[in-house]
Amino acid sequence: MGRMHRLSTIYETSEILVKRDSWSRRNINNPHLQRGRFYVLLEKLISMESIIDSLPRGSDSFGLIHNDFHPYNFFIDNSEITVFDFDDSIYGWFSLDIAIAATHAVWWGVHAEDRVTKNRFAQQFLREFLMGYEKEHHISEFWKQTIPMFMEYRNICSFFWWLGEWDGHESSLTEDQQNAINHAVKLIERGLPFDGCDIHL
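Now the structure itself:
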């Protein structure tokens, strides 16, 4: 990923090609999310996007990113990584791309349900990941500190994959979806970060 981001800083789109979109706020119009106890999810999303939208977009920190970097989107062969599935690529923050990789690592790499284990895993994963990343591309302390926030953002966005077209009936959600959403709502109401995001870099 560090190599991809380093190349992104000097990449120029050809005029004959269609340029990828830049990051923008999500447009959630589902009326069932404008009220009720799931509204706190939408509130958190809007609040986070206000903060994110104010971040600098300099060429050293913002460029073409994969935007869906996880184990199902790359192969490893003889220590060489081949990344694929660039369908979700956008112009965004490099630290967002790192956070997405870390978030998916926590989702699929930790089988325990307790927060402490997930937070420790995320901390260790990012420590090792950034060591490799910085061999190819430097990331400043300022942008490192945005990674936990972007991990929170990936978590909150994931609920709207399910809720974007939600019909307002909890029975239409799977048991796993209901449990995940209920847990998220409780964390938000208590002012706590999502599991795996309560870390310090």
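Using this note's numbering, you'd call the opening residue of the sequence shown number 10 and step up by one each time.
Beta carbons: idealized from backbone N, C-alpha and C, even for Gly.
In the structure shown, what three-state DSSP assignment does Glu21 receive? coil
With Gly11 and Glu145 assumed to form a contact (beta carbons below 8 Å), what rounded beta-carbon distance in angstroms separates them? 3 Å
May I have a chain-ordered list of the beta strand (DSSP E) segments no shorter than 3 residues that lie completely inside the stretch 74 to 99? 83 to 86, 89 to 92
Here's the rule: buried if 16 or more other CB atoms are within 10 angstroms of the residue's CB, otherwise exposed. What is Val115? buried
According to DSSP, is Phe159 helix, strand or coil? Correct three-state label for Phe159: helix.
DSSP state of Gly205, grouped into three classes? coil
What distance in whole Å lies between the Cβ atoms of Phe103 and Trp152, which are believed to be in contact at a cut-off of 8 Å? 7 Å
Could I get the ranges of all uninterrupted beta strand (DSSP E) runs contained in the stretch 142 to 197, with 3 residues as the minimum, in chain order? none
When DSSP labels each residue in this structure, what does Phe71 get in the three-state scheme? strand
Give the straight-line distance between the Cα atoms of Glu174 and Ser56, rounded to the nearest whole angstrom. 21 Å
My understanding is that Ile74 touches Ile99, with C-beta atoms under 8 Å, so please give their C-beta distance in whole angstroms. Rounded to the nearest angstrom, the Cβ distance from Ile74 to Ile99 is 6 Å, consistent with a contact under 8 Å.
Bounding residues of the alpha helix (DSSP H) (the contiguous stretch that carries Val49): 48 to 62
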